[in-house]
Structures are given as C-alpha cells and as structure tokens.
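First up is the structure itself, then whatever we jot down about it.
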Amino acid sequence: MGILQRVISWFGLGARLETRANRNLGGFQKWFEPYNMFARSGQLDASNETIFSAVSRLSNSMASLPLKVFRGYKQVSGSPIAQLLEYGPNPNMTSFDFIRTLEAFRDTSGNGYALIERDAKYQVQALWLLNPRKVKPVQESSTKELWYEVQGDDGTYYIHNMDMIHVKHFHTVGYEGISPLDVLRNTINYDTQVKQFSLSQMESGIKASFILKLNGSLSDEKKKAMLQNFADFYSKNGSGVIVIDSGQDLKELKQDIIDLKVFEVERITRSRVAAVYNMPPHMLGDFSQTSFSSMEQQALEYVQNTLLPIVRMYEQEFSRKLLTTKERSAGTVIKFNMNGLLRGDIKTRGDFYFKGVRSGWFTPNEVRAYEELPPEKGGDKLYMSRDLAPIDSPDRSIAPGKEVNEQDESEADNDTGSEPE
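See below:
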C-alpha cells in the first residue's frame, strides 16, 4: 500500500483528503498564469556545475541549521514534533537529508512539497517528500480554499493545504513558485554552446607546432620528403638544436589551447546564477567584485541576504501546519538556530561574550550553551560591572573592591543635590 493510500485509509471519508481518480476537477480550478514567460519547454539539462554549486550550497546550508521547537525562550525537546524534526521526519530519512532534499527540490523546480501524515487524532506522524512534477496547487472555486492535486500511481488525489508542506521560490499569480532553471535557461544554453565550440576547436584545430618557410616552390613529393626528414630529426633531437639549410626559415607556432573568452563566459554565468539564487557571487567562486575586508563580513552578507528569507519561510510554514492552534497560542514556534553562522571567529566571539556578560545581558551559562559546553553552578545569574557610573553623576563611580551600601548612596545623593551658599 502506497503512502497516499495509507493516508486515505487513516483519514477516512470525512477527512479533508479526497480522491477523485479518473474524474474531472469538479469545483476545482487550476491556478495558472495567462502568459507565463517562464513556461517549461522540456527538461533542462541541470549538469551545469555553477547551478550544481549554488543548489548544493543552499541545500547544505539549510540542512546544517539546527531545527528546534521553542515555547517562549525555552527549548521544547520532549514533544513528538520536536523529536520528529530533530531525528527524522520519516523512517527513511534523517532531518538533514529531509531538509536538504526539500531545499534542492525548491532550488531546481521552484517548489518543494512534503505530505503530512497524521494519525486518527490528527497528530503528525511523518513527513513524506513528493515529486514536484506530480503536484499542482489548485483552488476550490466556491470556498477559495487551497488544495494540492497529486498525481498518484492509481489516480489523482486532492490534499488540503494544511496537510501539505510547500516551500517555494518567488511567484506572482497563483501559488506555484517559478523554477530558477527556467529563468536561467538562456544563460545555461549559451554557456554550454561556448564550451562545446571551444572543445570542437581543440579537437579539430591545427595541431602543427612549427612553420617551415622555404625560398621557392617545391613539388608535392619534395615537400613530403622534407617534412618527413624534419619530423624524423625533431623526434630524435627534440630537446636539442635543430639545424636547417640555407634559405629555410623555421618558426614555432604558438596556440592557445583554451580561448580566454571561455573564462569570461564562465564569470558571466556565475554572476547570473548568483543573481537568480540571490547569492553573493563570491559564494560561487567569483571574487571580481568582492569588496569585503574579512571573511566574516562575506559570510554575514550570505546569512542576512540569502538564508534569512528562506529560513523565515520554512519557519512560518512548519509552525503553521505542524503545530496546533492551542500550541501556537501558547507561544510555541518552530525555529532554525542561526547563531552558529553568525558567531564569527574565536576573537570576535570572545569579545562579544565578554561584553554581553560584563554588561548584564548574557549569563555565563548562556555563553557556555552557545559554545556547547555544560552549565556551571551559579552561572545562571546576570552580572554587571561595578566600575560603571551613571552618565549624569560621574563622581559616583565605584572603586574596585569597595562595597556600596544604602547610606553611601544617600550621602552621595545629598552631596550632588545641594550646593553651598
């Protein structure tokens, strides 16, 4: 029994999952654009190494982020949803594999789909990835509710939007994301044609290494004999001195095996792929326009401008469809932990933690938690430096090691509050 059939049997006839095998759409209308300039005209060859690099970097970055359930500011680790997201959304995949594949689907087809499997109590049991080519968003004409048309092996199924995880790229009309490969079709074709032309030149181009210039004309037989004598002499004395007769001129023929324009085309391709995937060009190996003075600034640009919008989309989709209304009302959310990407190098982290603890907005144990160290006794208190003073009363600074009591503070207030006549 397939996954869809199992879900149908679990939900029953009164559930929101409806099967209409070999029947028309009825009250459903497909969402489509009257004119779609990104319409597919056949499968695109996705062997381009630049696109592979972009998809691999994005999918691995998303899969590497810890996915946790929080209630307020505290992590919830024992709930079924937390266990599902942390250890594996289904029996066949780890959480890393699931997120990476879902993001790879989104970055190639424009849409990533995962069917939510629930039990009789409507509790989430598993998440199953679906082939994006077999899923289509549709809208019920009377209620305007969003459903998903899934082409199964034995028929067509309609799944309510609350039972389908859908992450997508940019879209305009409707609910289906635009495929980045469709946007890059012309760029990829041009890049492929230039490389193929360069290879054909290498295979069929001139393979001669020297030009032997003679005074006067020779018959074909004498030319062949002279070339054969020169070839025999060069093969035996290639690393030595070549002797030529009077009236002959020998020049070396220098050839560029690879046209430099190929590298320019590759740079343009990397730039366009980076633009479509909203990535800094240096993440794809193009450092021609990099103006940052440190790797930390480059990584920060990638996190803020590229990953943050994607993370926000995932978090909202997961929280809306995997949590109940009661859980959301209690402040429960599903979040990716991006602190690891923003920590910087050791020196930067050390300065950040030092200022946080010294200024009273980090506890020592919170710092230890960021560094994945066990908590220490007494480390849950907020501390504040004692050598600080109010900006309007600099004379009230506290000397190191001196205790301050209420009487001292009262006397200081009286001293600053009155002036001698």
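Note that the UniProt record's numbering has the sequence shown beginning at 1, numbered continuously upward. Built from N, CA and C at the ideal position, the CB exists for glycine as well.
Which residues DSSP lists as bridging residue i, in chain order
i           : result
residue 155 : 152
residue 251 : 211
residue 188 : Answer by DSSP bridge pairing: none, since residue 188 is not bridged.
residue 168 : 111
residue 147 : 138, 160
Close beta carbons around residue i, own chain, < 6 Å, minus the five adjacent residues each side
i           : result
residue 409 : Any reading at residue 409 needs caution, since the residue's pLDDT is 49, under 50, leaving its predicted position unreliable; the model's value is listed next. Excluding residues within five positions, none has a Cβ falling inside 6 Å.
residue 306 : 278, 279
residue 341 : 303
residue 163 : 116
residue 70  : 333, 335
residue 119 : 125
residue 43  : The predicted position of residue 43 is uncertain, since its pLDDT is 41 and thus under 50; a value taken from the coordinates is nonetheless stated next. Nothing meets the Cβ criterion.
residue 62  : 99, 103
residue 53  : 284
residue 331 : 71, 72
residue 380 : 363, 365
residue 67  : 85, 336
Top-ranked residue by Cα proximity to residue i, from the options
i           : options            : result
residue 133 : 141, 149, 313, 297 : 149
residue 55  : 90, 179, 223       : 179
residue 110 : 316, 176, 211      : 176
residue 48  : 298, 270, 301, 321 : 270
residue 103 : 301, 228, 168      : 168
residue 301 : 288, 281, 312, 315 : 281
residue 276 : 182, 371, 138      : 182
residue 121 : 324, 338, 373, 380 : 324
residue 90  : 79, 62, 127, 78    : 127
residue 371 : 350, 174, 50, 63   : 350
residue 338 : 378, 312, 348      : 312
residue 297 : 264, 331, 348      : 348
residue 106 : 352, 310, 373      : 310
residue 131 : 112, 142, 143      : 112
residue 50  : 346, 78, 308, 108  : 108
Chain-order list of residues whose beta-carbon lies under 7 Å from that of residue i (same chain, five-residue window excluded)
i           : result
residue 358 : 385
residue 383 : 357, 360
residue 101 : 129
residue 84  : 124
residue 319 : 328, 333, 334
residue 57  : 283
residue 321 : 116, 162, 165
residue 94  : 88
residue 144 : none
Residues near residue i by beta carbon distance below 8 Å, same chain, minus five either side
i           : result
residue 375 : 365, 368, 369
residue 20  : Any reading at residue 20 must be qualified, since the residue scores a pLDDT of 39, below 50, and its modelled position is unreliable; the value itself is stated next. Correct list, in chain order: 26, 155, 156, 157, 158.
residue 286 : 267, 270, 271, 274
residue 45  : At residue 45, the pLDDT of 45 sits below 50, so the modelled position is not reliable; the number obtained from the coordinates is stated separately. The residues are 188, 192.
residue 474 : Lying outside 1 to 421, the shown extent of the chain, residue 474 is not represented and no answer is given.
Residue i in three-state terms, based on DSSP
i           : result
residue 423 : It is not possible to answer for residue 423, since the shown part of the chain is limited to 1 through 421.
residue 332 : strand
residue 64  : helix
residue 314 : helix
residue 355 : helix
residue 319 : helix
residue 370 : helix
residue 382 : coil
residue 376 : coil
residue 475 : With the chain covering only 1 through 421, there is no way to say anything about residue 475.
residue 27  : Interpretation of residue 27 is limited by its pLDDT of 41, a score under 50 that renders its predicted location unreliable; the figure taken from the coordinates is listed afterwards. Residue state, collapsed to three classes: coil.
residue 350 : helix
residue 230 : helix
residue 306 : helix
residue 278 : coil
residue 365 : helix
residue 299 : helix
residue 220 : helix
residue 339 : helix
residue 53  : helix
residue 263 : helix
residue 182 : helix
residue 325 : helix
Contact test: residue i Cβ vs the ligand MG heavy atom, cutoff 6 Å
i          : result
residue 83 : Of ligands this structure carries none, so the ligand MG is not represented either.
message = So within the stretch 68-145, which uninterrupted beta strand (DSSP E) runs reach at least 3 residues, ignoring any that extend past its ends?
response = 74-76, 111-118, 124-130, 135-140
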